[in-house]
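Asker:
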Amino acid sequence: MSTDTEIEREISHEEFTPIGTATLIAVYFVILVVLWVFTYFVEFLGRELTVVG
Amino acid sequence: MSAESPFVERFPSEARIVRLNLGVAFIALFIGGLFGAIQSLHRTGVYRGLIQSSDYYSMLTAHGVLLALVFTTFFIAGLFHWGITRSFDRNAPSQWFSMTWFGVMLLGTVLATIAILGGLIPFAPDDLNAAVLYTFYAPMKAHPLFYIGAALLIVGSWLAGADWFWSYFRWRKTNSDERIPLQAFMVLVTWLMWYLATLGVATEVVVFLIPWSLGIIPAVDPLLTRTLFWFFGHPVVYFWLLPAYFVWYTILPKLSGGRLVSDPLARVSFVLFLLLSTPVGFHHQYLDPGIAEGFKFIAMSNTMFLLLPSLLTAFTVVASMEHGARQRGGKGLLGWLRALPWDEPAFAGVALAGLMFAAGGFSGMVNAGMNLNYLVHNTQWVPGHFHLTVGTAAALTFMAISYWLVPQVTGKRLQLKGLAIVQPYLWFLGMTLMSNAMHRSGLAGVPRRTAEPEWNAVSGIAYETIVGSFQETQLQIAVGGVLLFVSVVLFSMVMFGTFLVRADLGPIRVSGSLPRPLSTAEDGPLVLDNLRLWFTIAVVLVAIAYGPPFFDMISDGVFWPGTPPTTSGL
Amino acid sequence: MERRNFIRALIAVAIGVPIAVEGVTFSRLFYQRLTGAEPSHDRPTGEGVDVGEDLLPATDAGETVTEMSLEAAGETEWTFRMVVDVTNPTEQAYRLKLGPVSLGDGSTVGETISTGEMAPAESTTLSGEWTVPSGSTVTGIWAGGKTGEDSVTERVLLAPIEEPA
Amino acid sequence: MEIHRYEKIWFVIALLMIVGFIATIAYGAVGAGVEMIADDGGTMDPNDVSGTEFEDPGVRQVGEDHYEVYVLSQQFLFRPGTTEPIRVPAGSTVTFYITSTDVMHGFALAGTNLNVMVIPGQVAKVTVEFEDPGEYGIVCNEYCGNGHHSMEGKVVVVPESQYEGP
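Protein chains in written order, with numbering that gives the first Met the number 0: chain H, 0 to 52; chain F, 0 to 569; chain Z, 0 to 164; chain A, 0 to 165.
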């Protein structure tokens with residue numbers, strides 16, 4: 000089985016809509032924002048001895 | 000010879016240069032990986048019988064230099080030499096010149112390695128050591144051989160770039176109005192960034208550290224040399240990353256059965272890296288005294304905008320994989336993922352590397368967050384981050400693509416393919432365990448770069464870990480580290496088996512052909528290929544970001560406040 | 000086909016385990032931080048001071064703990080009682096201050112009591128009672144010994160104390 | 000240059016996210032008052048501390064409940080910090096001045112946001128408020144030689160009533 004993958008059909012630029020990619024990227028985006036807000040406001044600002052001067 | 004015959008038949012002497020570079024890279028990978036495994040057992044307290052804690056730092060220097068500087072630089076030189084030759088479809092201008100830069104890089108590597116390993120070998124002269132880690136901050140001094148070796152490695156890489164630009168100018172003479180082929184464009188832009196970036200470390204090493212370590216000048220300003228290092232320190236991570244993007248953009252689509260969705264977008268992201276990767280060095284120095292907050296804020300903003308090309312790359316590359324999956328008959332919103340060739344080691348390794356880079360991306364955003372740095376600076380969170388980025392996104396991509404590239408440059412079939420199939424998955428599993436635990440112990444404040452981090456002899460205060468106790472996180476790091484080393488052993492067996500097997504076992508089973516992108520170079524504006532323009536803008540941005548701070552540091556005396564060399568031992 | 004199942008198993012482990020590890024990490028991280036649960040950390044190394052031992056080894060004076068006890072005091076409170084025999088063998092004046100008490104959840108409660116100025120070679124007994132919320136663990140007590148001009152103040156780690164019946 | 004509609008949307012969202020990150024950090028600085036280490040600590044000659052406050056490092060009271068602590072870091076100990084703990088009263092504002100006489104060090108109170116680099120020739124000036132009594136471990140988190148892993152110290156925040164002065 001060569002790495003020349005078996006291509007069943009050619010898809011041109013016009014026919015191809017990356018809906019799967021959009022979904023994966025949307026999930027990634029949500030994870031990023033949630034983790035960022037948590038890390039900054041809860042983990043970081045929630046800690047003691049924040050430098051004030 | 001048809002375009003279909005393997006690279007080694009069309010370009011035998013260039014293939015030899017690629018083989019030499021990859022060979023040195025894989026040797027460095029194995030030794031660096033072995034040291035990494037010993038460290039993961041030592042610092043976690045799982046087994047401290049192998050080395051003394053005071054020798055740990057020589058080993059850590061070797062681990063850092065061999066993997067982050069030697070393995071990466073040699074592999075990239077080999078990969079790009081193949082890329083340039085293939086895309087210009089012509090021999091390198093001079094075989095002698097190619098051997099020269101490989102020789103200079105190799106000489107530098109040998110000298111630096113001698114200096115570092117001198118610290119581990121008992122009978123070596125006791126001033127022959129370089130326990131300064133791969134960032135070698137003054138006033139900690141290494142043996143001059145270390146700095147001379149580092150300088151030669153960089154000069155060698157400059158000559159390699161000259162080889163490729165020479166190729167480009169000769170190609171341009173006979174193709175005056177053609178667009179630069181994508182792979183060649185990526186090599187040239189990466190190296191323009193490399194020339195700009197290495198000015199910092201070259202100045203630091205040649206102007207300051209070599210004379211200082213030889214005693215020619217009495218003292219150097221630690222903040223100035225540290226700033227010169229980090230002028231180079233961030234773009235070097237893109238020097239490691241862009242070759243991985245080179246693989247993701249130009250080879251991964253073919254491996255997944257599809258075509259790159261957009262060539263111009265790939266060029267845009269490389270240009271953005273050229274522009275923004277150097278004027279950001281201060282995000283490694285957020286918690287340094289002696290640097291005004293304004294410079295740190297500029298570095299932070301530039302760094303955040305540096306996320307853009309990576310986020311664009313994520314979409315473009317995953318879209319190309321989706322295109323391939325659907326061409327292979329993949330259906331559904333996410334069902335196409337199953338149609339991808341997960342049993343092909345080259346594809347699986349590169350895809351897993353990309354997935355792990357997404358996680359590394361988030362912890363990088365935390366590192367970039369100026370005041371957020373108080374939370375994680377110099378804790379184990381930082382190695383947790385960079386083992387995901389250079390340690391996997393780059394390293395695993397380099398290992399995985401070797402399964403596809405090495406047969407083409409040796410003309411030999413890949414050996415022990417069963418091990419090759421398992422290797423990327425084992426790496427992914429080991430890295431998740433190690434990096435996850437490193438992030439957690441980093442949040443508890445466990446410092447990085449320490450031989451025995453449990454530290455509470457004086458304070459008697461234990462770390463407040465969040466998920467699982469301190470011991471559990473350290474054990475998970477050790478387990479991950481050992482799995483990673485087993486994975487490196489598997490990779491090394493496959494590579495050396497393939498290098499050493501007889502050549503007449505029949506035709507290689509990989510095809511080197513790369514399909515044209517869906518949206519080709521011609522769709523993009525011509526200005527994208529104007530390398531001189533982008534390089535000039537990059538230089539201007541660096542001058543703006545670094546001019547004033549350097550002036551501040553130099554205005555109170557280039558060598559003041561200065562410190563004499565200090566050894567690492569007491 | 001044997002190979003396909005092997006690949007499927009490989010993917011299941013190599014991607015499944017990481018997802019599980021990350022899932023556990025984030026869920027416990029959020030739970031811990033957002034509900035303020037006690038972060039898990041090992042007992043600090045070193046055993047606490049027990050009855051019969053010296054409270055402040057760093058001082059030349061002797062501060063021997065003779066009693067440490069917890070009694071129920073009403074529904075929601077316990078009384079922590081501590082008695083210390085203090086002897087001053089030095090030629091200078093000595094004074095011991097005791098309290099407040101620090102609890103397992105990191106809070107500090109109660110006020111400070113003192114032996115007052117002790118002449119050289121004098122000895123006395125210092126006893127105090129501190130009310131703490133029921134169910135809390137007394138992990139340490141602040142103790143300050145002043146010999147002449149220089150003073151030592153430590154949060155002294157205490158050995159586990161028997162809970163009231 | 001045809002770019003797919005989804006990719007254009009992602010481009011805009013990515014830009015908004017980046018601006019959001021920058022805004023968060025700006026809020027942290029302006030709203031939550033998190034100050035960065037800067038160059039206000041000044042520079043000094045690392046080879047000669049005589050005539051500077053670092054000649055006799057330690058705690059100094061400079062105001063009603065404002066204290067200054069001069070910490071000298073050197074290969075493998077903090078003075079004060081390692082030899083004897085840094086003692087400050089609860090409810091006080093403390094400004095640390097930290098420098099080094101030999102190599103780079105780190106000065107971090109593990110598990111808190113007090114974390115700063117110590118560079119020979121530079122004085123790191125950091126101000127924090129210690130509300131409640133407690134103890135913190137000082138960790139040197141920048142490699143400083145083969146004894147780096149043993150370089151640690153302690154800060155003891157003493158209840159107000161117990162504090163005897165610096």
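All C-beta atoms, glycine included, are put in the ideal place defined by N, C-alpha and C.
#1: Enumerated in chain order, which unbroken segments of the alpha helix (DSSP H) with a length of 4 residues or greater are wholly contained in the stretch 428-510 of chain F?
#2: Using a beta-carbon distance cut-off of less than 7 Å, what residues from the stretch 130-152 of chain F approach chain A?
#3: DSSP three-state label for N4(Z), please.
#4: If you follow the beta strand (DSSP E) that V85(Z) is in, where does it begin and where does it stop?
#5: Quick one: what's D53(Z) bridged to in DSSP?
#6: Report yes or no: is there a C-beta of chain A within less than 9 Å of the C-beta of W129(Z)?
#7: Relative to the C-alpha of V138(A), which candidate in T92(A), F129(A), G80(A) has its C-alpha closest?
#8: Are the stretch 68-75 of chain A and the stretch 49-58 of chain A touching by the rule of at least three beta carbon pairs closer than 8 Å?
#9: For A158(Z), count neighbouring Cβ atoms within 10 angstroms of its own Cβ and tell me buried if that reaches 16, exposed if not.
#10: Out of curiosity, what's the CA-to-CA distance linking S518(F) and G363(F)?
#11: Identify every residue that forms a DSSP beta bridge with M117(Z).
#12: Quick one: residues in its chain with C-beta nearer than 6 Å to the C-beta of W170(F), no 5 flanking neighbours on either side, listed in chain order?
#13: Looking at chain H, which residues of the stretch 96-128 of chain Z have a Cβ within less than 9 Å of any of its Cβ atoms?
#14: Please tell me whether A542(F) and N301(F) are closer than 9 Å, where the distance is taken between their beta carbons.
#15: Which of helix, strand or coil does DSSP assign to F6(F)?
#16: Output yes or no for whether 9 Å exceeds the beta carbon distance between G105(Z) and V137(Z).
#17: I need the straight-line Cα distance from V317(F) to S255(F), nearest angstrom please.
#18: Find the residues of chain H that neighbour F296(F), judging by a C-beta separation of less than 9 Å, and give them in chain order.
#19: Can you pull out the residues from the stretch 12-32 of chain H whose beta carbon lies closer than 7 Å to at least one beta carbon of chain F?
#20: Please confirm if R32(Z) has its CB atom under 9 Å from at least one CB of chain H.
#21: Between the stretch 80-95 of chain Z and the stretch 120-140 of chain Z, are three or more C-beta pairs nearer than 8 Å?
#22: With a Cβ-Cβ cutoff of 9 Å, do V155(Z) and F79(Z) count as a contact?
#23: On a Cα-Cα basis, can you pick out the residue from V421(F), V270(F), T391(F), L191(F) that is closest to V354(F)?
#24: If contact is defined by three or more beta carbon pairs under 8 Å, each pair taking one atom from either stretch, is the stretch 205-216 of chain F in contact with the stretch 370-378 of chain F?
#25: Using the C-alpha atoms, what's the distance from A393(F) back to I465(F)?
#26: Output the distance between the C-alpha atoms of F230(F) and V48(Z), rounded to the nearest integer angstrom.
#27: Which one or two residues does DSSP pair with E343(F) in a beta bridge?
#28: Within the 9 Å Cβ cut-off, does L48(H) reach chain Z?
#29: Any beta-carbon of chain A closer than 9 Å to the one on D41(Z)?
#30: Are the beta-carbon atoms belonging to Q326(F) and R46(H) less than 9 Å from one another?
#31: Establish whether the CB of F79(Z) and some CB of chain H are separated by less than 9 Å.
#32: Roughly how many angstroms separate the alpha carbons of A443(F) and V41(H), rounded to a whole number?
#33: Excluding the 5 residues preceding and the 5 following H376(F) in the sequence, name in chain order all residues of the same chain whose CB lies nearer than 8 Å to its CB.
#34: Measure the alpha-carbon distance for G561(F) versus F135(F) and round it to whole angstroms.
#35: Are any of the Cβ atoms in chain A nearer than 9 Å to that of L34(H)?
#36: Report buried or exposed for S99(A), applying the criterion of at least 16 other Cβ atoms within 10 angstroms of its Cβ.
Answerer: According to the structure shown:
#1: Positions of the alpha helix (DSSP H) runs, each at least 4 residues long and wholly inside the stretch 428-510 of chain F, are given as 469-499 in order along the chain.
#2: So the close ones are A130, L132, Y136, P138, M139.
#3: helix
#4: 76-86
#5: T63(Z)
#6: no
#7: Of the listed residues, the one whose Cα sits closest to V138(A) is G80(A).
#8: yes
#9: exposed
#10: 31 Å
#11: DSSP output for M117(Z) lists Y93(Z) as bridge partner(s).
#12: Correct list, in chain order: F87.
#13: none
#14: no
#15: helix
#16: no
#17: 10 Å
#18: Per Cβ cutoff of 9 Å: no residues; F296(F) is ~16 Å from chain H at best.
#19: H12, F15, P17, I18, G19, T20, T22, L23, I24, Y27, L31
#20: yes
#21: Enough Cβ pairs lie closer than 8 Å, so yes.
#22: Going by beta carbons, V155(Z) and F79(Z) fall outside the 9 Å limit.
#23: Sequence check: residue 354(F) is Leu here, not Val. Among V421(F), V270(F), T391(F), L191(F), the Cα nearest to that of L354(F) belongs to T391(F).
#24: no
#25: 30 Å
#26: 53 Å
#27: In the DSSP output, where bridge partners are listed per residue, E343(F) has none listed.
#28: no
#29: Confidence at D41(Z) is low in this model, with a pLDDT of 48, below 50, so the placement of that residue should be treated as unreliable; the coordinate-derived value is given next. Chain A, which has no Cβ nearer than 9 Å to the Cβ of D41(Z), makes this no.
#30: In this structure, R46(H) does not lie closer than 9 Å to Q326(F) by Cβ.
#31: no
#32: Straight-line Cα distance between these residues: approximately 14 Å.
#33: Y285, L286
#34: 16 Å
#35: no
#36: S99(A) is buried by the Cβ-count criterion.
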